[in-house]
Structures are given as structure tokens and as C-alpha cells.
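Heads up: the structure comes next, in C-alpha cells.
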Amino acid sequence: MNVAVAKTGSGRAVSDLFASAEGRLPGSPDVIAARREAFETYERLGLPHRRIEEWKYTDLRALVGEVLPLAAAPDATALKRAAEAVKAHAIAGARKLVLVDGVFAAELSDVKALASEAGFKTLRESLDKDAGLLKTASTDAVIAVNAALATDGVVLSIADGTQLSAPVQIIHVATAASASAVTRSQVRIGKGVRATIIESFVAAGAAAYQVNDAVIISVGDDADVAHIRLMDDAADAVNITSQFVTVGANTKLNVFNMTSGAAVSRLQGFITLAGEGSELSVNGVNLLKKTEHGDTTLVVDHAVPNCVSREIFRAVIDDRAHSVFQGRIIVRPDAQKTDGKMMTRALLLSDEAEADNKPELEIFADDVSCGHGATAGALDDSLLFYLKARGLPEKQAQALLIQAFVGEAIEQIADDTLREHVIGIAERWLERRS
Amino acid sequence: MMALLEVKDLKVRVEEREILHGLTLTVNEGEVHAIMGPNGSGKSTLSHVIAGKPGYEVTDGQILFRGEDLLEMEPDERAAKGVFLAFQYPVEIPGVTTMNFLRTALNAQRKARGESELMVPDFLKKVREVSKSLNIPQDMLKRGVNVGFSGGEKKRNEVLQMALFEPSLCILDEMDSGLDIDALRIAADGVNALRSPGRAMVVITHYQRLLNYIVPDVVHVMSRGRVVKSGGKELALELEASGYAQFEDAA
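Those protein sequence lines, which keep their order, are chains A and B.
Residue numbers for the first sequence, in my numbering: 313 to 746.
Residue numbers for the second sequence, in my numbering: 1412 to 1662.
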């Protein structure tokens, strides 16, 4: 393979990226071989661009250009800065697992408190025994980069019948500027488990960094699980996250994704309903301003009969920002009695704001109820006038209507504390606007 | 004594078409004025321009509120000064509970006037009192503003706001439209309870019926963008008998 010709926008040879990272990457010789193979995939494909159908609206070659070299492992100063950020973003009562610049930080985490209820290891510790951690159901260039370069992550295992007494919050903190943090985590949730898993992405003073995260979640039968992801990275950061979720039978899974930061972001979620009688609720909010680009791409795969899926997605787009929602519902030939619905709405706050909604249904069974809807529009002038006539200044009237707009998605979060936390993020975003 | 509201020779256009052709109206504190007139005479336009609705171009004339130029103020500033428009068609705002809306609006007005925010218990007490007198169930206040409300409930919600915000000028735009006689009576009782020496009302209506419940001090007849006749409450009865045709000819 002639790697010498593969160059990034800055002229840096792509192969240097792996060569320079190799010394920091954990894993047995098998793992290193798997990483090398993944890296070769990335070298061959390059970053996704608009002529690749799945990435049509998010051309990473144009938006990002290149994958930055890995961030150095955090030193004492970085950990101190990270601690501040963790304090600011921690959810009350949650047990924290903190990754700083892609490396697990035990001193900032609640490993001991968690140990009584769940099995925990770092990815670094786990890779030697399980090279399979680098494999995922599907692969594109960004997932390949993740497999090649993942420095750390959390490997969590919640045994059958466990009811977690507190949510687990995985906090990704960036302290290193102009560098990549590449993480991969796995969460195995057993039968009958009740659990809430939160993932937060935040910055601690870092700028222009890149996050590439992958998370692999399996949920067993008869479980009741909430999975919340809150991405509030720095205004000039890049966040690419891939989620792979499989759901067992008679399980309730409630997913919520919020994007309120990063210059360029893509969340791609691949959720497979693999057991009958399950209910999946996937909801999300994108809050975008300036020239931010936020892409939420969800694939819900009904592989078996008798499952329900609901998706409610809201995008609020100001200035020259660009929101992308791609939602695909697949109903396999056997998946009769599937009930799948998806509704996406975009609110455009400026003439230059842009929204792309791409709902897709791929239905191979004949006895199903599936539907989707998509709208895009501005704030309703008659509602704005009503609020102003009652004494609300323009920006406050807008804020109230925007909160109501995103509220329908946020309301789907069942836990009061979490819901209030998310409403707080939206309120702060709105305050920054006015 | 300075008038509360003075509309002087007001000319208003909507999309190049002149709707008000030089309207003059003076309302003093404590007075209830009725403005009657046929459809298209400009009654609602007048109410919208006083409240500051966008889309109207004032080409001439003035609107003074306690001597201040109302046309220079944003709608929210007018509200904070004490101008209240009860909408003919109150909008539905899904996702904003009535309670949250009431508190946000009241505190925004207080803030604009340099007053402190009303404490939550005081606010709740006040809302409870007023909503009880208007026969508004508490669970209605937890729902989105006007979402799923009947016509009567929407109008009562307007009166509730009037009672809470304590404006000095209330403009009731066709409050009777879409209401049956019972709903009209409840809403009108609510309005009458708010009559006070410090507060004026302008009741805009097509029909005399509403004025049986809210008895005005002064009745104005509008036709083709002007006030063509003013008189006492007996003018409303006269109109009921003879109709608007005579004034349309006069205009």
C-alpha cells in the first residue's frame, strides 16, 4: 500500500498519525494488528465527504479537513482544570466516570461507589483480554479512526436484576487544544436492570480540539434504561460520536441527545431492536448558533416483530448555523406489527439558518404502522406579538417560545432532576443568545 | 386633568390601503367607552395600533397615553405602562403553561417599571383568588396557554390576565365574539369587577348585546375609519333599533 500519497489538508502524512500514536495505544499484539487494519481502512477511505450518501450534508473533508494528532496524556495541571469542569457539569447524585483528553482519570471518578453495583474497568485494562471491543456492527471512516486510535474508555457491566441506586455519568473533558481525544466505551446492561447512563462532553479551557467517541451498549430483556447524552463542547471543537445499541425483549429504552456546543458535530446512532415487545424512545435537541454545524443521524432497526419506536427531534438554528437530521427506520421482513414513528421539526431564527431533514423508511414487512413528519419554519409572529403585548421584551418572548419548542423533546426525559438539568442547558444557551 | 388616552387625527394604512382616516378619541381615567361600528369600519385596527401590533403604518396623527407618545414604544413597553389589549382571538401557545406565562409576563412588566418581582406565594395567592372568581379551574392553569380551551375559557383567561396585571387602560376587542350568553356573562362580570376610578376601558363591539352587561359611559360610532357620532349609553340602543346604515351614508 502506497501510503506516501495520502496527505491531509495541512500536508501532514496520514500514516504519521498512527505511527506517532502507536506508542500510546494499549492492547496486545492482536489488538495492535486490529488497530493497524482499522487505520488502513481509514487511509483508504479518507474522511467522509458529500459524495458518500450517509455524509451528504456533513462533508468532513470540507468542515474538518484532517484528524488531529492524539492529545498527550493529561498532567497534573490538566487534571486540576478538568476537576473544575467536572464540578460544573456533574449531575447531582450521579456517579462519575471521567475521561480527560481521552484518558480515564480515576482520581476524578467515583469508582468505589460504583463498584458495589456494577463491574467497571477501563478500556485500557480490558483490551488485552478482549480485542472484540474494537469491533462494531458497521464501519465507516470515522469509526475506523476510532478503532485505530482509541486510547481509553469505560467498560461497564451491570449484572442481571440490578437496580442502580444512582445514575452513572461518563464525563469527557477536553483540556488539550488542537489535539484529538479518541475514546471507546462499552456498557453491558443485563436482564431486568434499571439504570440511567449519562454521557457529557465538556471543555476545560481547551480550544479547537477534536473528539471521536464510540459507545457500544447492549441492553438485556425486561430492562428499563435511560441513556442521555449531553454534548456541550467548546465553540470551535469537533465532536464525532458513534453509538451502537442493541435492545433485548420487553425492554424500555429512553434515549435523549442534546447538542449545544462544538463548531462541527455529528452524532450517529445505530439502534437495533433485537427482542420482541420492546419500547424505544429516541429524542433529541440541537441548539446551534453562529456557523455551527450539527448533524444527528439515527438508524433504528426493527429486526424483530412487536416493537414500538418513537423519535422526537427538535432543532433551533440561529445565525448561519446548519442543522442536519437524518432518521432512518428499517423494518426487517420478519418484524411484523412494528409501530415506528418519527417527527422532526426545525426552528429557523435567522434568514441564513439552514436545516436539512432527511427521514427515511425502509419497510420490508407488510403489517406495520410507520410514519414520519418533518417541518421547518420561523417563530410564529402572532405568538410573539401576544407575548410582547403582555409585557415580554422581544428576546424574552422568543426565549419562551423556543423553550416551548424544544420542550416537547425534553419532556420525554422521565427523571425530574435530569430533565431540569437539560432545561437548564437550554436556558443558558438562550441567555447567551440575548 | 390630563386625559388617559388621546388619539388625535390618527391615520393608519395597512398594505398601502388607508383604514383609519383621521380618528380622534379621548378617554379619561375611570371611564368606560364603547366603540361600535359595522365590520370593516376600523375598530380592530384601532385596538391593534394602540397595542403596537406590527403591520400597521401610522401616516399621521398621534396616540398619547398619559401625555406620552405611545407610538414610540414597543408593545412590551406599552404593556408595562398599563395598556392591555384583550384579544379577539387569543392565541394558543403549546408548551408554555398558563401559570409560567402569567408569572413571566407579570414579572417582566414589574421589572420594566423598576418594581421587584412578586414573591411566588403572593403570586399564587393572587392567581387563585382571581381564577376562582372567574370560574377558571386550577388544572387549566397547568395546561399550555389557551391550548384546548373553549372560546369562553380563552376570554376568561384574558380577563384573568387583566385582573393580575392591573392595567390602567383595558381595550376589549370584540370580547363577545364566539361566546354564548352564559360565557359572556361570566366574562362581563369579571370585567365589571375591574371597573375602578383609576382604570379606563374601551369596549369594542359589533353588537349592543355586550353593552347590556358592561354598561358604558360613552358610546362612539365608527364608520369608514372615523368616529362619526358620540353619545351616552342610549346611543347603543338607538343603533340596535336603526342599524349602522345611516352612519355609513353619513361617512
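Every residue gets a Cβ at the ideal spot worked out from N, C-alpha and C, and that includes glycine.
Straight-line gap, residue i to residue j (C-alpha atoms, nearest Å)
| i | j | result |
| --- | --- | --- |
| Val1613(B) | Ser694(A) | 22 Å |
| His1432(B) | His1631(B) | 16 Å |
| Ile470(A) | Glu429(A) | 7 Å |
| Ala721(A) | Asp1628(B) | 51 Å |
| Glu1649(B) | Ser1641(B) | 12 Å |
| Asp630(A) | Asp646(A) | 43 Å |
| Ile529(A) | Glu1485(B) | 53 Å |
| Glu666(A) | Glu732(A) | 28 Å |
| Ser332(A) | Lys601(A) | 35 Å |
| Val620(A) | Ala406(A) | 29 Å |
| Ala1647(B) | Ala688(A) | 48 Å |
| Ala1611(B) | Met1447(B) | 17 Å |
| Leu673(A) | Leu1496(B) | 47 Å |
| Val557(A) | Val531(A) | 8 Å |
| Arg626(A) | Ala686(A) | 10 Å |
| Gly596(A) | Gln580(A) | 12 Å |
| Lys1454(B) | Gly1506(B) | 32 Å |
| Asn314(A) | Gly358(A) | Confidence in Asn314(A) is poor, its pLDDT being 38 and thus under 50, which makes the residue's placement too unreliable to answer from. |
| Leu439(A) | Pro1532(B) | 58 Å |
| Leu1421(B) | Tyr1500(B) | 24 Å |
| Phe1534(B) | Val1541(B) | 11 Å |
| Gly517(A) | Met1573(B) | 49 Å |
| Val317(A) | Arg347(A) | With a pLDDT of 44 at Val317(A), under the threshold of 50, the predicted position of this residue should be treated as unreliable, and no value is reported. |
| Ala1662(B) | Val1638(B) | Per-residue confidence for Ala1662(B) stands at a pLDDT of 45, beneath the threshold of 50, marking its modelled position as unreliable; the derived number appears in the next sentence. If I take the Cα positions, the gap works out to 9 Å. |
Endpoints, beta strand (DSSP E) assigned at residue i
| i | result |
| --- | --- |
| Arg1428(B) | Arg1428 to Val1438 |
| Arg578(A) | Val576 to Leu585 |
| Gly1601(B) | Here Gly1601(B) belongs to no beta strand (DSSP E); instead the alpha helix (DSSP H) covers Ile1592 to Ala1604. |
| Ile403(A) | First-last for Ile403(A): undefined, no H or E at that position. |
| Arg644(A) | No beta strand (DSSP E) holds Arg644(A); DSSP gives it neither H nor E. |
| Ile1625(B) | Where Ile1625(B) is concerned, there is no enclosing beta strand (DSSP E), given that its DSSP letter is neither H nor E. |
| His1444(B) | Val1443 to Met1447 |
| Leu359(A) | Here Leu359(A) belongs to no beta strand (DSSP E), and DSSP marks it neither H nor E. |
| His614(A) | His605 to His614 |
| Gly1637(B) | Reading off the sequence shown, one finds Arg at residue 1637(B), where the question assumed Gly. Residues Arg1637 to Gly1642. |
| Lys1419(B) | Leu1416 to Val1425 |
| Arg1477(B) | Arg1477(B) -> no beta strand (DSSP E), and no H or E assigned at all. |
| Pro564(A) | Note that residue 564(A) corresponds to Lys in the displayed sequence, not to Pro. Where Lys564(A) is concerned, the enclosing beta strand (DSSP E) stretches over Lys564 to Thr571. |
Proximity to residue i [Cα-Cα], best of the options
| i | options | result |
| --- | --- | --- |
| Gly1466(B) | Glu1427(B), Met1633(B), Leu1646(B) and Lys1536(B) | Glu1427(B) |
| Asn669(A) | Thr656(A), Ser662(A) and Asp678(A) | Thr656(A) |
| Val616(A) | Gly719(A), His634(A) and Glu591(A) | Glu591(A) |
| Ile675(A) | Leu380(A), Gln648(A), Phe625(A) and Ala658(A) | Gln648(A) |
| Ile1625(B) | Leu1517(B), Gly1636(B), Val1570(B) and Val1602(B) | Val1602(B) |
| Pro1548(B) | Arg1567(B), Asp1533(B) and Phe1534(B) | Arg1567(B) |
| Glu378(A) | Gly517(A), Ile509(A), Leu337(A) and Val454(A) | Val454(A) |
| Ser1607(B) | Glu1440(B), Leu1416(B), Gly1563(B) and Phe1658(B) | Glu1440(B) |
| Lys503(A) | Ile552(A), Leu476(A) and Val523(A) | Leu476(A) |
| Gly1562(B) | Phe1498(B), Thr1616(B) and Asp1487(B) | Phe1498(B) |
| Thr1520(B) | Ile1504(B), Val1469(B), Leu1575(B) and Gly1463(B) | Per the sequence presented here, residue 1520(B) reads as Gln, with Thr not at that position. For the residues Ile1504(B), Val1469(B), Leu1575(B) and Gly1463(B), the minimum Cα distance to Gln1520(B) belongs to Leu1575(B). |
| Val1367(B) | Leu1595(B), Val1502(B), Val1639(B) and Leu1580(B) | Because residue 1367(B) is not part of the residues shown, which for chain B are 1412 to 1662, the question remains open. |
| Leu329(A) | Ser450(A), Lys392(A) and Ala462(A) | Ala462(A) |
| Glu349(A) | Ser327(A), His361(A), Lys368(A) and Trp367(A) | Ser327(A) |
| Val514(A) | Gly589(A), Ile483(A), Ala716(A) and Met570(A) | Ile483(A) |
Segment limits, alpha helix (DSSP H) that includes residue i
| i | result |
| --- | --- |
| Ser327(A) | Val326 to Ala333 |
| Met1510(B) | Thr1509 to Ala1523 |
| Ser1544(B) | Val1531 to Ser1544 |
| Ser1653(B) | Glu1645 to Ser1653 |
| Leu661(A) | Here Leu661(A) belongs to no alpha helix (DSSP H), and DSSP marks it neither H nor E. |
| Ala739(A) | Checking the sequence shown, residue 739(A) turns out to be Glu, not Ala. Run containing Glu739(A): Asp728 to Arg745, per the alpha helix (DSSP H) assignment. |
| Val1460(B) | Lys1454 to Ala1462 |
Test item: CB-CB of residue i and residue j under 7 Å
| i | j | result |
| --- | --- | --- |
| Gln498(A) | Val467(A) | yes |
| Leu599(A) | Ser635(A) | no |
| Val550(A) | Val567(A) | no |
| Ala486(A) | Tyr521(A) | yes |
| Thr603(A) | Arg632(A) | yes |
| Leu661(A) | Ala711(A) | no |
| Asp534(A) | Asn562(A) | yes |
| Thr389(A) | Phe416(A) | no |
Residue i: CB within 6 Å of a non-hydrogen atom of the ligand NAP
| i | result |
| --- | --- |
| Arg436(A) | No copy of the ligand NAP occurs in the structure displayed, which carries no ligand at all. |
Min CB distance residue i to chain C below 7 Å
| i | result |
| --- | --- |
| Lys1464(B) | In summary, chain C is missing from the structure at hand, where the protein chains are A and B. |
Runs of beta strand (DSSP E) wholly within the segment 438 to 465 of chain A (minimum 3 residues, chain order): none
In chain order, which continuous runs of the beta strand (DSSP E) of length 3 or greater are located wholly inside the segment 480 to 524 of chain A? 480 to 486, 492 to 501 and 506 to 515
Which residue spans inside the segment 672 to 718 of chain A form an unbroken alpha helix (DSSP H) run of at least 4? 693 to 701
Which runs of the beta strand (DSSP E) spanning at least 3 residues fall entirely within the segment 374 to 437 of chain A, listed in chain order? 407 to 412 and 431 to 434
Which residue spans inside the segment 1552 to 1597 of chain B form an unbroken beta strand (DSSP E) run of at least 3? 1580 to 1584
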